[in-house]
Structures are given as structure tokens and as C-alpha cells.
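Undergrad:
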Amino acid sequence: MHALAILLTLAVAAPAAAAQFIVDVSERTVAITAGFTGAELVVFGTTAEAHGTAPGKPGVIVVIRGPGQQTVVRRKERNLGIWANRERVTFLEAPAFVWIAASDNLTGRPMMEVLRDYDIGRDFLTPAATSAAGDIPEFQAALVRRKQVAGLYSEEFSRIDFPGEHLFRTRVRFPANVPVGSYRIEVFEVRDDRVVNATASALHVRKAGIEAAVFRFAHEFPILHGFVAIILALVAGWLAGAVARRP
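Residue numbers for the sequence shown follow the numbering used here, beginning at 1413 and rising by one.
1) Count the other CB atoms within 10 Å of the CB of Lys1488; is the residue buried (16 or more) or exposed (fewer)?
2) When the distance is taken between beta carbons, is Val1607 closer than 7 Å to Tyr1565?
3) Checking 7 Å against the spacing of the C-beta atoms, do Gly1478 and Ser1594 come in under that value?
4) Using C-beta distances below 6 Å, list every residue in its chain close to Pro1470, excluding the 5 sequence neighbours before and after it, in chain order.
5) Here's the rule I'm using: 16 or more other beta-carbon atoms within 10 Å means buried, otherwise exposed. How should Val1561 be labelled?
6) Taking only the alpha-carbon atoms, compute the straight-line gap between Ala1645 and Phe1574 and give it to the nearest angstrom.
7) Given this structure, state the Cα-to-Cα distance separating Val1455 from Phe1569, to the nearest angstrom.
8) Can you say whether Ser1438 is buried or exposed, counting buried as having 16 or more other CB atoms within 10 angstroms of its CB?
9) Helix, strand or coil for Gln1432 per DSSP?
10) Give the secondary structure of Ala1514 by DSSP, where H, G and I count as helix, E and B as strand, and everything else as coil.
11) What is the rounded straight-line gap between the Cα of Asp1605 and the Cα of Gly1457?
12) Within its chain, find whatever has a CB closer than 8 Å to the CB of Val1442; leave out the 5 residues flanking it on each side and keep chain order.
13) May I ask you to report which of helix, strand or coil DSSP gives Gly1649?
14) If you follow the alpha helix (DSSP H) that Val1556 is in, where does it begin and where does it stop?
15) If you reduce the DSSP assignment to three classes, tell me which class Pro1591 lands in.
16) If Ala1513 sits next to Val1474, beta carbons under 8 Å apart, how far is it from one beta carbon to the other, in whole angstroms?
17) Going by the DSSP bridge assignment, what does Ile1532 pair with across the sheet?
18) With Leu1453 as the anchor, note down where its beta strand (DSSP E) starts and where it stops.
19) Report back the beta-carbon spacing between Val1584 and Val1472 to the nearest angstrom; my notes put them in contact at under 8 Å.
20) Strictly by DSSP, which residues pair up with Ile1635?
21) In angstroms with no decimal places, state the Cα-to-Cα distance between Arg1500 and Pro1634.
22) Give the straight-line distance between the Cα atoms of Gln1552 and Ala1612, rounded to the nearest whole angstrom.
23) Is there at least one Cβ from chain B nearer than 7 Å to Arg1581's Cβ?
24) Who are the Cβ neighbours of Val1484 in its own chain at under 8 Å, not counting the five residues just before and after it?
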């Protein structure tokens, strides 16, 4: 992570070189409405020209992750014929969503070496945890499996296409259960197994329309929200009973 931080700092400090590496996204905000079934965005840009950077065919890695959430993973054990929760691990800042894409020339060994050397996308596999259990990796694997089943963690690297010599693009699919919050888009240009350019930007997932109003009301006035929910449930029950009693 230290190497990646230095690289991002150098990119900011050298605008002339960084200007050659341009990245954008089709939408900066994903709006969740009552009928939200998911969303698809396009991340696109241009790699730097060969002169002034390391030689070799450019590769691109795109990582989208966030927001950090405290997540508890429990392990059930059978005791006297009854399954019960025993040990548990609390992951303090596990990203709720992680998606990774890479160009074809970074598949296999080069891709894994770049990820390891620059700590790209690896912190979601080893989030900070608090536990008395000794086998933290087992709980980490369980967390990743659970997120993958929910469609919130990438099971495989998605593909980045090059429609031109320096132009690249990839499509990102957000599932219907994507959490609201702030996300981070990180894009890396790789040449000869080295990251030569990097950029990061923000993406926001927010509720909109009546969903947003109910969400704000529930969080700003939780007691009143609960009271209103009870009243509505009583009224609905009374109306249902009244209709059932009609001849």
C-alpha cells in the first residue's frame, strides 16, 4: 500500500505526465428508486502514449469498492445435536462491494504479481478484524464467499476492452442489493508488470424519490418512524378485517 500511495502522490505532483492518462465514468451517481433492479456504468479512458513511459503494451486494472462496513462472521458448531453460533470475527472496515476488471494481457501470473506488489484490491481479502479465534483466514474466506453469493464481490476478474490503441472501456454492473454510500474508483495503467499511472475518483450510490424520503425519515426520526409503522399496520389490519366481515 505504501508503494501505491507514493505512486498516487507522484501522479498529483506531475500534472504534465498525468494528463496523458485520462479516465472517466458514464455516471457519477447511482440513484436507487422504488423500482431499482440494478445499474450498469461504463468506465473508459485513454492510456499514456509509449514515449515518456515504460515500453511495452499497456494494461489496465479497474477496482471499484466501498463503502466500508463493520461485518460480523459467525461459525456454527453442532453440540448435542443442536447447531449454535460459537466463535465470531468482527471485520471493522470490510468493503460492502468490490469489483475488479483487467485487460487480457494481465491475466494469470502478471496480474497476480501486480496485485501483490501494489496491494491493489487485496485489502478486501484481509480486512482488519477483532477476534479471539486463531483461524482468521477461515473467517475471511467465509466473508468473501457470503459476499460473492450476494453478488457484491467479484468471483472473477471482469474484462477491459481496447477498441483503439490507447482507448479502453469496461462495463460495471451494480446489483439491486448494492448498499448506499460512497465508492472509490481506482484505475491503474500497467506496463511490464509495473504500475506507471494511477488515478482515483468517487462514485455515490444514493436513494432517490419516495425511497430517499422514507430512508431519511427512518434514520432522522427512528422512534417516530416506528410509531407510524405500527399505526399503519393497525389500520391495514382493521381494513382487512372490515372487508372480510362484509356480507
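Virtual Cβ for every residue (Gly too), placed ideally from N, Cα, C.
TA: Taking the coordinates as given:
1) The residue you call residue 1488 lines up with position 76 of the sequence shown. When all chains shown are included, Lys1488 counts as exposed.
2) As a position in the sequence shown, residue 1565 is number 153, starting the count at 1. As a position in the sequence shown, residue 1607 is number 195, starting the count at 1. No, they are not a contact pair.
3) By one-based count along the sequence shown, residue 1478 stands at place 66. By one-based count along the sequence shown, residue 1594 stands at place 182. Yes, Cβ-Cβ distance for Gly1478 and Ser1594 is below 7 Å.
4) Taking the sequence shown and counting its residues from 1, the one referred to as residue 1470 is at position 58. So the list reads Thr1459, Glu1601, Arg1603, once near-sequence residues are dropped.
5) Within the sequence shown, numbered from 1, the residue matching residue 1561 stands at position 149. It is exposed - the Cβ of Val1561 has fewer than 16 other Cβ atoms within 10 Å.
6) In the sequence shown, the residue the question calls residue 1645 occupies position 233. In the sequence shown, the residue the question calls residue 1574 occupies position 162. Cα to Cα, the separation comes out at about 55 Å.
7) Within the sequence shown, residue 1455 is the residue found at index 43, counting from 1. Within the sequence shown, residue 1569 is the residue found at index 157, counting from 1. Taking the straight line joining both Cα atoms gives about 15 Å.
8) Translated into the one-based positions of the sequence shown, residue 1438 becomes position 26. By the 10 Å Cβ count, Ser1438 comes out exposed.
9) In the sequence shown, counting from the first residue as 1, residue 1432 sits at position 20. In the structure shown, Gln1432 sits in coil (DSSP, three-state: anything other than H, G, I, E or B).
10) As a position in the sequence shown, residue 1514 is number 102, starting the count at 1. Residue state, collapsed to three classes: strand.
11) Your numbering for residue 1605 matches position 193 in the sequence shown. Your numbering for residue 1457 matches position 45 in the sequence shown. Roughly 20 Å separates the two Cα atoms.
12) If you number the sequence shown from 1, residue 1442 lands on position 30. Hits under 8 Å: Ala1451, Leu1453, Phe1586, Val1590, Leu1615, His1616, Val1617, Arg1618.
13) What you label residue 1649 is simply residue 237 of the sequence shown in a count that begins at 1. Helix, per DSSP.
14) For the purposes of this step, residue 1556 is identified with residue 144 of the sequence shown, where counting begins at 1. Start and end: 1548 to 1561.
15) The residue you call residue 1591 lines up with position 179 of the sequence shown. Looking at Pro1591 - three-state DSSP - the assignment turns out to be coil, as it is neither helix nor strand.
16) Position 101 of the sequence shown, counted from the start, is the residue given in the question as residue 1513. Position 62 of the sequence shown, counted from the start, is the residue given in the question as residue 1474. The Cβ separation is near 5 Å, so the contact holds.
17) Taking the first residue of the sequence shown as 1, we reach residue 1532 at position 120. None; Ile1532 has no bridge partner.
18) Locating residue 1453 in the sequence shown gives position 41, where the first residue counts as 1. Run containing Leu1453: 1451 to 1458, per the beta strand (DSSP E) assignment.
19) For the purposes of this step, residue 1584 is taken as residue 172 along the sequence shown, with counting starting at 1. For the purposes of this step, residue 1472 is taken as residue 60 along the sequence shown, with counting starting at 1. Wrong, their Cβ atoms sit about 14 Å apart, outside the cutoff.
20) Within the sequence shown, the letter at position 223 stands for residue 1635. Per DSSP, none; premise fails for Ile1635.
21) Counting from 1 along the sequence shown, the entry for residue 1500 is found at position 88. Counting from 1 along the sequence shown, the entry for residue 1634 is found at position 222. Computed Cα separation, rounded: 29 Å.
22) Counting from one through the sequence shown, the residue named residue 1552 turns up at place 140. Counting from one through the sequence shown, the residue named residue 1612 turns up at place 200. Cα to Cα, Gln1552 sits roughly 26 Å from Ala1612.
23) Among the protein chains of the structure shown there is no chain B, as only one such chain exists.
24) Residue mapping note: residue 1484 aligns to position 72 of the sequence shown, counting from 1. Cβ within range, chain order: Arg1500, Val1501, Thr1502, Phe1503.
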